[in-house]
Amino acid sequence: MEKNAYLDAMGITRWKKAVPQADIMTILVNPLRLKEVDSQLFTTVLSFIGVDIEHCRFAARAEPAAKVIWDMRGKQGVESEDRLISAPINELETNVEAKKALWANMQAYMLRKGS
Numbered sequence: 001m002e003k004n005a006y007l008d009a010m011g012i013t014r015w016k017k018a019v020p021q022a023d024i025m026t027i028l029v030n031p032l033r034l035k036e037v038d039s040q041l042f043t044t045v046l047s048f049i050g051v052d053i054e055h056c057r058f059a060a061r062a063e064p065a066a067k068v069i070w071d072m073r074g075k076q077g078v079e080s081e082d083r084l085i086s087a088p089i090n091e092l093e094t095n096v097e098a099k100k101a102l103w104a105n106m107q108a109y110m111l112r113k114g115s
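Residue 113 in the UniProt record's numbering is what sits at position 113 of the sequence shown, and the numbering runs on without skipping anything.
Listed below in structure tokens is the structure:
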């Protein structure tokens, strides 16, 4: 009798090694802007820094173990070298100065990360 057939007949479930999932990164947004996450700007900016939007989630605040990739809460944003900091999405889409600031932040971020 084949080993697997024997185990199946006994009702024994075989253990399988877990496949690690890609790290889910967090984009912090203002709670009032949580519904405005379908902008093409997200995909464009994330592609520049080498992150797939499919591996990101949007949240109003970071959980303790969350890997924050982009903080776009504006004045509420916490300065950090390991994340992008920008104005909220509504300002980025309408304000040229906010876009310039984001671009400068992206350049510094990419230099730090070696992208």
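We put the CB at the ideal spot given by N, CA and C, even for glycine. This structure is a prediction, so every number in the text was calculated from the model and none was measured.
Residue pairing from DSSP places F58 in a beta bridge opposite I27.
Within the DSSP secondary-structure output, M72 pairs in a beta bridge with V29.
Assignment of K67 by DSSP, reduced to helix, strand and coil, places it in the strand class. When secondary structure is reduced to three states using DSSP, I12 falls in the coil class, being assigned neither helix nor strand.
In this structure, the alpha-carbon of G50 lies about 22 Å from that of E36. Counting along the chain, no alpha helix (DSSP H) covers N95, and no H or E run does either.
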